Amino acid sequence: MAQEMSFAQALNEAKAVIVQLSTRVKADAEKIRTQQQTIVSQSSTISQLEGRVEEQDAQTAQNIQEIASLSDRMREVEEARENAEAMVNRQGEKITSLQSANADLEARLTEHKAQIVELSKELGAVRTQLPSDEDAAALASMAQLLTKAAPAIEKARKTTAPQMRLTDSDEPIAQAA
């Protein structure tokens, strides 16, 4: 009767170890899946932010061209005012209008610059939250190790033979094949 209890205890202990290892493998696999989802989500956010930065850059470039164009036009108007006193009033109104438009564009440019700075900060903050290449490599290595470990554990479980006790002594007499 004592012999059956030892064998049953050994089986129960082996089963507990297998269940524990299986639980660990499942938990690690879930962690890896969660981290992979985080990486995908943050990559998407970075792509969106980069797209917004590119749009802001294009808009800023266009605004700069408009400002340069308006500045050139304003100089032409000022020269015409100096050369033609008869046209002073009409040219003065046009200059005032162009200056107002220039101020509006400069204000917009300032706003765009502030937005670019803010987006750059957000992009930097998001980039710092992303796992590094080393982290991604470690995750891939861990996933590969876990994939390889499951068959090895199963093989070890199959190849390990329980010991049978035929006497009351503690020394093993024979092993089952």
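Residue numbering for the sequence shown follows the working numbering, beginning at 205 and increasing consecutively. Backbone N, C-alpha and C fix where the C-beta goes; we use that ideal spot for every residue, glycine too. If you're wondering where the values come from, they're calculated on a predicted model, not measured in any experiment.
Asked                                                                                                                                       : Found
Alpha carbon to alpha carbon, what distance is there between R331 and E338?                                                                 : 14 Å
In terms of residues, what are the limits of the alpha helix (DSSP H) holding L349?                                                         : 337 to 363
Since L323 and V257 are thought to touch, with beta carbons under 8 Å apart, how far apart are those beta carbons, to the nearest angstrom? : 5 Å
Could you give the DSSP three-state label for A288: helix, strand or coil?                                                                  : coil
Can you tell me whether L309 is helix, strand or coil according to DSSP?                                                                    : helix
Using CA coordinates, which residue listed in L302, A262, Q269, T264 is at the minimum distance from M278?                                  : L302
What is the rounded straight-line gap between the Cα of G255 and the Cα of T264?                                                            : 14 Å
Taking the C-alpha atoms as reference points, what is the distance between E297 and R312?                                                   : 23 Å
Between L215, E259, A218, I268, which has its C-alpha nearest Q319's C-alpha?                                                               : E259
Can you tell which of A353, P355, A356, S336 has the C-alpha that lies nearest to the C-alpha of Q240?                                      : S336
Is DSSP giving L334 helix, strand or coil here?                                                                                             : coil
Going by beta-carbon coordinates alone, are L274 and L309 separated by less than 9 Å?                                                       : yes
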